[in-house]
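Reviewing the structure listed below.
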Amino acid sequence: MRILFASMPADGHFNPLTGIAGHLAERGHDVRWYAGPTYGARLDLLGMRWFPYQQATEVMASNLNDLFPERAGLKGPKLISFDLDKFFVSQVENHFQDMAAIRREWPFEALVCDGALYAEQLVAESLHLPVFAVALTMVMPDAQGPPPFFGLRPARTPLGRLQHTIVRKMLASGMKVGTTHYNQILAGHGVAPIRPDGFPHEPMLRTRRVFLNGSPGLEFPGYQPFPNAEYVGPLTPARRALSASTPVPDAVLDPTKKVVAVSQGTVDNTEPAKLIVPTIEALKDSEYVVVATTAGAQTEALRARFAQPNIVIEDFINYDDLFPHVDVFVTSGGFGSNLAAFLHGVPVVGAGKREGKNDINARIGFNQLGIDLRTERPKPAAIRKAVRTVLDDPAYAARVTDLRAELESYDPIATIETALLKDTATTRP
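So in the working numbering the end of the sequence shown lands on 483, straight run, no missing numbers.
So, in structure tokens, the structure goes:
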């Protein structure tokens, strides 16, 4: 089968798809990608053929503030509204035109894409092709759960339910610019509009299936996926898609020591003072080994500042190598980082409120998979207390152990390949 892959140009959107694509290629399918130059270079390392952006621009977190300087002064609903329109919707038409041109050159039979690409609706309804979206659970909210982007937890009281209703209306109002822009694009192709409150999920409802990355234990209890959505288990990146890794340092391998890992991920990592510095400050000269991975941001400066023998600072250590030796993970990273920790039985201490991280952290805290610090800039004292609480209370490790078993009960690749073959059987040229 000829399968085209596509994602938004961001690690958390691209990396989970690489494992699926690699396995499908190994199974004999003709798998190719549609990507911009940055991620095209990564596909070269994977040995996978790709089609470059022609009309589209590679708008990424790393250049978003340069392309749109006004973004730096925004926060809350205004930031959500701006990012929806500029980061997601602005390139939908260009992505669609590029993929339509690819199909004329190479008649792919199915599209597998990051659900936040949002061009999938046009491919499904204008090109009449089977489309399969991949989504994080909090990207695909249900009708009963809390509204997204604000780190809210399930409402237990009438006042709480009223608050959720108000927030939903506020979100719909704040997203009006992006939703209107998106519906104008759809109208240009004769496609029916989404509802005013249709983001972030409704474009995915127009696809054949939505593959939810993870399992129910990562969501709030009672979560009900939409009819075309199903959990497929953890989608792990192809190892070659990740950055060059440093071997696990000897200090981390000491079985007599508790190890605390800390990372700010690969996007919001340019300012270590947000999380890496306060975590090291909280635990330097402690009984714990602290290993910080910086993704290459200010590594040498941090090493010069923190020379304590229990502190290890590296650009990058592959989580599959690191996490078997880690006891707690302090993170403001995204869903993929947390999922990697849980797959190795590691509870987390979560910070961060932007880019949907507050929704991830809210679920972690609610399900006792770790502690939600509920702030973008935690103080050292709060981090120290949270780390010790997670290490001292066996309930956290027990809940993560249960989640790990649940995640391991899935076979993501087999589920996805079966769905692709079944749902494209009657539509192939």
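Ideal Cβ placement from N, Cα and C applies to all residues, glycine included.
How long is the line joining the alpha carbons of alanine 226 and lysine 140, rounded to whole angstroms? Sequence index remark: in the sequence shown, residue 226 carries index 172 (1-based). Sequence index remark: in the sequence shown, residue 140 carries index 86 (1-based). Their backbone Cα atoms lie some 17 Å apart in a straight line.
Find out if the Cβ-Cβ distance for the pair asparagine 267, leucine 190 is shorter than 7 Å. Residue numbering aside, residue 267 sits at position 213 when the sequence shown is read from its first letter. Residue numbering aside, residue 190 sits at position 136 when the sequence shown is read from its first letter. Result yes, Cβ atoms of asparagine 267 and leucine 190 sit closer than 7 Å.
Can you tell me which of the three DSSP states valine 313 falls into? Translated into the one-based positions of the sequence shown, residue 313 becomes position 259. The three-state reading of DSSP puts valine 313 in strand, counting E and B together.
How long is the line joining the alpha carbons of tyrosine 93 and leucine 100, rounded to whole angstroms? Reading the sequence shown from its first residue, position 39 is the one you call residue 93. Reading the sequence shown from its first residue, position 46 is the one you call residue 100. Distance between the alpha carbons of tyrosine 93 and leucine 100: 11 Å.
Leaving out five residues before and five after proline 483 in sequence, what residues of the same chain have Cβ atoms less than 8 Å from its Cβ? As a first step, residue 483 must be located in the sequence shown, where it is residue number 429. With a pLDDT of 39 at proline 483, under the threshold of 50, the modelled position of that residue is not reliable, and the figure given next carries that caveat. Counting only Cβ-Cβ distances below 8 Å, and skipping sequence neighbours, we find Pro161 and Glu163.
With a threshold of 16 other CB atoms inside 10 Å of the CB of lysine 328, please say whether the residue is buried or exposed. In the sequence shown, the residue the question calls residue 328 occupies position 274. Lysine 328 comes out buried.
Threonine 353 and isoleucine 367 - do their beta-carbons sit closer together than 7 Å? Here the question's residue 367 lines up with position 313 in the sequence shown. Here the question's residue 353 lines up with position 299 in the sequence shown. Yes. Within cutoff.
Would you kindly check if the distance between the Cβ of asparagine 323 and the Cβ of alanine 349 is under 7 Å? The residue given as residue 349 occupies position 295 in the sequence shown. The residue given as residue 323 occupies position 269 in the sequence shown. Cβ distance < 7 Å, so alanine 349 and asparagine 323 count as in contact.
By Cβ distance, which residues of its chain are closer than 6 Å to glycine 232, with the 5 residues on each side in sequence left out? For this step, residue 232 is matched to residue 178 along the sequence shown. Leaving aside the five residues that flank glycine 232 on each side, the residues in its chain whose CB is nearer than 6 Å to its CB run, in chain order, Leu138, Asp139 and Val143.
Looking only at its own chain, which residues have a Cβ that is under 6 Å from the Cβ of glutamine 362, when we skip the five neighbours before and after it? Counted from its first residue, the sequence shown places residue 362 at position 308. Hits under 6 Å: Lys338 and Asp339.
Burial state of aspartate 447, where buried means 16 or more other Cβ atoms lie within 10 Å: Within the sequence shown, the letter at position 393 stands for residue 447. Answer is exposed; the Cβ neighbour count stays below 16.
Can you give the beta carbon distance from alanine 336 to isoleucine 437, rounded, assuming they're within the 8 Å contact cut? Taking the sequence shown and counting its residues from 1, one reaches residue 336 at position 282. Taking the sequence shown and counting its residues from 1, one reaches residue 437 at position 383. Right, the Cβ-Cβ distance comes to about 4 Å (below 8 Å), so this counts as a contact.
Excluding the 5 residues flanking asparagine 148 on each side, which residues of the same chain have their C-beta closer than 6 Å to its C-beta? By 1-based counting over the sequence shown, the position of residue 148 is 94. The answer, listed in chain order, is Gln109 and Ala110.
Range covered by the alpha helix (DSSP H) that runs through proline 106: The residue you call residue 106 lines up with position 52 of the sequence shown. Counting along the chain, proline 106 falls outside any alpha helix (DSSP H), though it belongs to the beta strand (DSSP E) covering 104–106.
Sorted by chain position, which residues of the same chain lie with C-beta nearer than 6 Å to serine 61's C-beta, five sequence neighbours on each side aside? Position 7 of the sequence shown holds residue 61. Excluding sequence neighbours, serine 61 sits near His67, Phe68, Leu71 and Asp168.
CA-to-CA distance, glycine 73 to alanine 435, given in whole angstroms: The residue you call residue 435 lines up with position 381 of the sequence shown. The residue you call residue 73 lines up with position 19 of the sequence shown. Looking at the two C-alpha atoms, the distance is approximately 39 Å.
Taking buried to mean at least 16 other C-beta atoms within 10 Å of its own C-beta, is alanine 394 buried or exposed? What you label residue 394 is simply residue 340 of the sequence shown in a count that begins at 1. Counting Cβ neighbours within 10 Å, alanine 394 comes out buried, since at least 16 surround it.
Just to confirm, are arginine 207 and alanine 416 a CB contact at a threshold of 7 Å? By 1-based counting over the sequence shown, the position of residue 207 is 153. By 1-based counting over the sequence shown, the position of residue 416 is 362. In this structure, alanine 416 lies closer than 7 Å to arginine 207 by Cβ.
Just to confirm the assignment, what range does the beta strand (DSSP E) spanning alanine 155 have? As a first step, residue 155 is located in the sequence shown; it is residue number 101 there, counting from the start. That residue, alanine 155, is in no beta strand (DSSP E); its alpha helix (DSSP H) goes 146–159.
Alpha-carbon to alpha-carbon, glutamate 273 and valine 313: The sequence position of residue 313 within the sequence shown is 259, counting from 1. The sequence position of residue 273 within the sequence shown is 219, counting from 1. In this structure, the straight-line span from the alpha carbon of valine 313 to that of glutamate 273 is close to 27 Å.
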